[in-house]
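To start, the structure under review is shown below, and the notes come after it.
There are 2 protein chains.
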Amino acid sequence: MHRYEESEPKHSRIEYRMDFKDQYGKWKEEIDNRLGNLVEDREPRSLYEPVEHILAGEGKRIRAVLLLLSCKAVGGSIDKALEAALSVEILHNFTLVHDDIMDKAATRRGRQTVHTKWDEGTAILVGDVMIGLAQQLLLKNAGGNCAAAIDAFSRGIIDVCEGQALDREFEQRNDVTTEEYLYMIAMKTGRLVEMAAEIGGLIGGGKPEHINALRAYARKLGLAFQIQDDLLDLIADEKQLGKEIGRDIIEGKRTYLVVQGIELVAEGKDRELLEQLLSGPGLPANQVEVARTMFQKCGILDKARQEVERYCVDALKDLEILPDSEARTMLKWFSEMLMRREN
Amino acid sequence: MHRYEESEPKHSRIEYRMDFKDQYGKWKEEIDNRLGNLVEDREPRSLYEPVEHILAGEGKRIRAVLLLLSCKAVGGSIDKALEAALSVEILHNFTLVHDDIMDKAATRRGRQTVHTKWDEGTAILVGDVMIGLAQQLLLKNAGGNCAAAIDAFSRGIIDVCEGQALDREFEQRNDVTTEEYLYMIAMKTGRLVEMAAEIGGLIGGGKPEHINALRAYARKLGLAFQIQDDLLDLIADEKQLGKEIGRDIIEGKRTYLVVQGIELVAEGKDRELLEQLLSGPGLPANQVEVARTMFQKCGILDKARQEVERYCVDALKDLEILPDSEARTMLKWFSEMLMRREN
């Protein structure tokens, strides 16, 4: 399966993974640098300073790297996809700025959110202008695929808004099913990941079946990523995670663990705990450990781990129809790396 | 100048204007109908009911009609521009939804604003999804001009955000110059009008010089429209206007009248009144008539009227290089109609 293992047996799989990690680090650095300089000369500063602030927030740059890898995996040149990679990253950050207003989140990745450091009006405008900026960058790389790339981009905006609207609806409901939850995160989290793969494949000049494979891979990666996120909220090391353990529980969020609980935990003290989480503003901080134990005991933590694993394995299968290449191998490494993350 | 007056002398100019008014009414009705049905089948309803609410708000549909006329004026077919016309109208309404949050406006065109009827989070999302919807519609008509049309669209988003950011900066300043004010309204109000003309010209397959002429015309129309708006706040008939006279004065807005006042009214009671307007949350309602008298006495109302007239005359000159056509004549009528409006 791994070309290098077969053709160059002297190199071990681990070494390749180190190479991939270096490669990822270099791309991430390039993306960080370009995002850091993007609006430094633009006026008015009351609009662009907060844009700079949010784009300097770093993050994993998953969508940007996935776009580059998807372009490469269909035989395209990465140089011709860099602006598009910045574009999807900016679009992702637009969703964060607006979501943070709605969630009244004071910090993100250890830094003040835009509406906290400035004000809500500024945060609304900052998110809006980022859509325009993202689109201008995408146009630079879209070339002959303009219509298809912009179609993917605008569908992405619509779907991510629909996902967020559903998430907000769910906060008012105590009977969200796992199926509904998975649909919601496929829209809210999965769609921009899928869009990144689609646009990368389009810019790389990929065949429709290869672009579809990349999209299917990315969609599952997005789902696995979100369930992993929900899991890490309870099982991560607080220092590694960079934020308080159990935040989702304290805020009463409808996570994968909670919707599984709604379906699987029928009665007794466990059900009472769940009802308490669902009924008000969430559980008090001193109940987080109790909740963790409950989810563990009911097999929900294990179920979540299995689902993350299952989506990842399925995602890797989607890649099989792509021509064997270093980029394809790196896409496999990429999904494993994301699922082994601790923050 | 008017083709029909020369070739068909039996028809008077007035009759043609009646035709134009009918034509405008038919287009407006078509646009209203299409916008009214646009999202009726879309889910989730928590997102799309507010979209329906805002799109049912009617309004003058100036940008949509201007796009159709621009397309026709360069020889294009209106049938191929209808979705693009809806697109610019939706993009305009997105700006209204988000501006209304920032301005804490409870009503618009006599109807509750989205953030009042629902909540701020919903209004943020509703504006966001409208950008995606607008873009999807534009793609349907953009054809071979995709890159240019989307470029105009995304520049429009960026500029209108920059204009709004400047407007917000000005609310904190007492020394805004007329030049700064005109730049701000060119971005905040003028740009989407200009964008409508540009996209109409592109879809119609117009030559660059004709598209540039349409843009120049539209830009001036946008400026004249905004100054007229500022003027109507004080001189309109309250019933015709559909809202309280002097609203801008009461809210302490930096309108054309106010920035002219900053430059022209140096001392005495008039200056004191102006300082009062600038220093706090605006003037009390019982001072509106005093302010109107002051602006009248200082020649500022007349200056504003002259500027509206001047921009309109200049805008008409821009149309001269276009081939003579019914659409061009209607564009002339269109600007006159807008400037004679009473609301």
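Residue numbers (the working numbering), protein chains in the order written: chain A, 1 to 343; chain B, 1001 to 1343. Every residue, glycine too, gets a C-beta built ideally from N, C-alpha and C.
Distance from the CA of Ile262 (chain A) to the CA of Glu336 (chain A), rounded to the nearest whole angstrom, comes to 29 Å. Within the segment 230-294 of chain A, complete alpha helix (DSSP H) segments of at least 4 residues are found at 238-241, 247-250, 256-264, 268-279, given in chain order. If the five residues before and after Ala56 (chain A) are omitted, its C-beta is found closer than 7 Å to the C-beta atoms of Gly36, all from its own chain and listed in chain order. With its beta carbon less than 9 Å from one in chain A, Ala1142 (chain B) belongs to the interface.
Counting along the chain, Cys1071 (chain B) sits inside the alpha helix (DSSP H) bounded by residues 1062-1073. Ala1142 (chain B) counts as buried, since at least 16 other C-beta atoms from the protein chains shown sit within 10 angstroms of its C-beta. Following the DSSP letters along the chain, one finds Cys1312 (chain B) inside the alpha helix (DSSP H) bounded by residues 1300-1318. Counting only residues of its own chain and dropping the five nearest sequence neighbours on each side, Ile1300 (chain B) has a CB closer than 7 Å to the CB of Leu1257, Gln1260, Gly1261, Leu1264. Contact between Phe170 (chain A) and Arg254 (chain A) is confirmed by a C-beta separation of about 5 Å, below the 8 Å threshold. Under DSSP, Thr1107 (chain B) shares a beta bridge with B:Gln1112. For the C-beta of Ile150 (chain A), the chain B residues within less than 8 Å are, from N- to C-terminus, Gln1135, Leu1139, Cys1146, Ile1150. Thr1178 (chain B) is outside the set of residues whose beta carbon lies under 9 Å from a beta carbon in chain A.
For Asn1141 (chain B), the uninterrupted alpha helix (DSSP H) run begins and ends at 1120-1142, by DSSP.
By the CB criterion at 9 Å, Ile1150 (chain B) and Cys146 (chain A) fall inside the cutoff. With a threshold of 16 other beta carbon atoms within 10 Å, Gly246 (chain A) meets it and is buried. For Val1129 (chain B), the nearest CB of chain A lies under 9 Å from its own CB, placing it at the interface with that chain. Close to Ile1211 (chain B), with beta-carbon spacing below 9 Å, lies no residue of chain A; the smallest spacing is near 18 Å.
Ranked by Cα distance from Tyr311 (chain A), the first of A:Asn343, A:Asp233, A:Ala73, A:Ala216 is A:Ala216. When the Cα atoms are used, Ala105 (chain A) and Asp1302 (chain B) turn out to be separated by approximately 50 Å.
Nearest in C-alpha terms to Asp233 (chain A), of all of A:Tyr181, A:Leu221, A:Ala291, A:Gly268, is A:Ala291. Neighbours of Ala165 (chain A) across chain B, judged by C-beta separation under 7 Å: Pro1044, Ser1046, Leu1047, Leu1125. Between the alpha carbons of Leu67 (chain A) and Gly163 (chain A) lies a gap of roughly 22 Å. In this structure, Ser1087 (chain B) places its C-beta atom within 9 Å of the C-beta atom of Ala1134 (chain B). Listed in chain order, the non-local C-beta contacts of Ala1123 (chain B) below 8 Å within the same chain comprise Pro1050, Val1097, His1098, Asp1100, Ile1101, Thr1113, Val1114, His1115, local neighbours out to five positions each way being set aside. Neighbours of Ile1157 (chain B) in chain A, taken as residues whose beta carbon is under 8 Å from its own, are Asp128, Val129, Ile131, Gly132, Gln135 in chain order. Taking 8 Å as the upper bound for CB-CB distance, Arg1061 (chain B) and Ile1031 (chain B) are in contact here, some 5 Å apart. Contact between Ala1213 (chain B) and Asp1318 (chain B) holds: CB atoms are separated by about 5 Å, below the 8 Å threshold.
One thing to note: Glu1083 (chain B) has its Cβ no nearer than 9 Å to the Cβ of Lys1028 (chain B). Leaving aside the five residues that flank Gln228 (chain A) on each side, the residues in its chain whose CB is nearer than 7 Å to its CB run, in chain order, Val308, Met339. For Gly200 (chain A), the three-state secondary structure derived from DSSP is helix.
Ranking B:Ala1152, B:Phe1153, B:Ser1154, B:Tyr1183 by CA distance to the CA of Asp1167 (chain B) puts B:Tyr1183 first. When the beta-carbon positions are compared, Phe1225 (chain B) and Thr1189 (chain B) come within less than 9 Å of each other. In the three-state DSSP reduction, Val39 (chain A) falls in the coil class, being neither helix nor strand. For Ser1087 (chain B), no chain A residue has a C-beta closer than 7 Å to its own C-beta; the minimum C-beta separation is roughly 10 Å. A straight-line Cα-Cα distance of about 13 Å links Asn1033 (chain B) and Ala1085 (chain B).
Here the C-alpha atom of Ala315 (chain A) lies approximately 26 Å from the C-alpha atom of Gln240 (chain A).
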